[in-house]
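Engineer:
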Amino acid sequence: KIADFECASAVGVCIQGIHGTLCYCAPETLHPTQDARGRDVWGVGCILVELLTLDLPDLGIESCPPAHFLCRMANLKCDPLLPSELDAHPTAKEFATDCLKVCPEHRPKLS
Numbered sequence: 002k003i004a005d006f007e008c009a010s011a012v013g014v015c016i017q018g019i020h021g022t023l024c025y026c027a028p029e030t031l032h033p034t035q036d037a038r039g040r041d042v043w044g045v046g047c048i049l050v051e052l053l054t055l056d057l058p059d060l061g062i063e064s065c066p067p068a069h070f071l072c073r074m075a076n077l078k079c080d081p082l083l084p085s086e087l088d089a090h091p092t093a094k095e096f097a098t099d100c101l102k103v104c105p106e107h108r109p110k111l112s
């Protein structure tokens with residue numbers, strides 16, 4: 002079982018009120034009033050992409066300090082680009098694309 006969802010402890014970085022691994026945090030992470038389940042779906046999409054390609058989705062903001070990363074994530078307007086290696090797995094690519102929608106309402110629902 003893979004679990005990071007809202008339970009990870011910070012390693013080297015501590016940002017008040019933020020729990021989880023930054024590279025798996027959904028854009029709405031800085032908006033605590035939103036339902037956490039959409040953030041979990043984002044994390045599953047990131048894990049799927051990384052498992053199949055050994056790379057994370059391209060958000061275009063990876064090379065910045067953690068606090069700036071989160072602020073830029075919170076204002077992300079476009080869905081991330083997926084590594085081209087994912088083209089070899091069309092079903093997984095479709096699922097990852099659905100999971101990695103910037104708007105949490107457009108992601109698959111957890112039941």
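Residue numbers (the working numbering): 2 to 112. The beta carbon of each residue, even a glycine, is placed where N, CA and C say it ideally should be.
(1) Figure out for me which residue from Trp43, His32, Ser85, His69 has the closest Cα to the Cα of His56.
(2) Name the residue from Ala37, Ser112, Gly61 whose alpha carbon lies nearest to the alpha carbon of Lys78.
(3) Between Asp41 and Leu31, what straight-line distance do the alpha-carbon atoms span, to the nearest angstrom?
(4) According to DSSP, what are the bridge partners of Leu82?
(5) Looking only at its chain, what residues have a beta carbon closer than 7 Å to the beta carbon of Ala93, apart from the 5 residues adjacent to it on each side?
(6) For the alpha helix (DSSP H) that contains Thr98, what are its first and last residues?
Structural biologist: Taking the definition as stated:
(1) According to the sequence shown, residue 56 is Asp rather than His. Ranking Trp43, His32, Ser85, His69 by Cα distance to Asp56 puts Ser85 first.
(2) Nearest Cα to Lys78 within the set Ala37, Ser112, Gly61: Gly61.
(3) Rounded to whole angstroms, Asp41 to Leu31 spans 14 Å at the Cα level.
(4) Asp59.
(5) Answer for Ala93: Leu49, Leu53, Leu87, listed in chain order.
(6) Where Thr98 is concerned, the enclosing alpha helix (DSSP H) starts and stops at 91-100.
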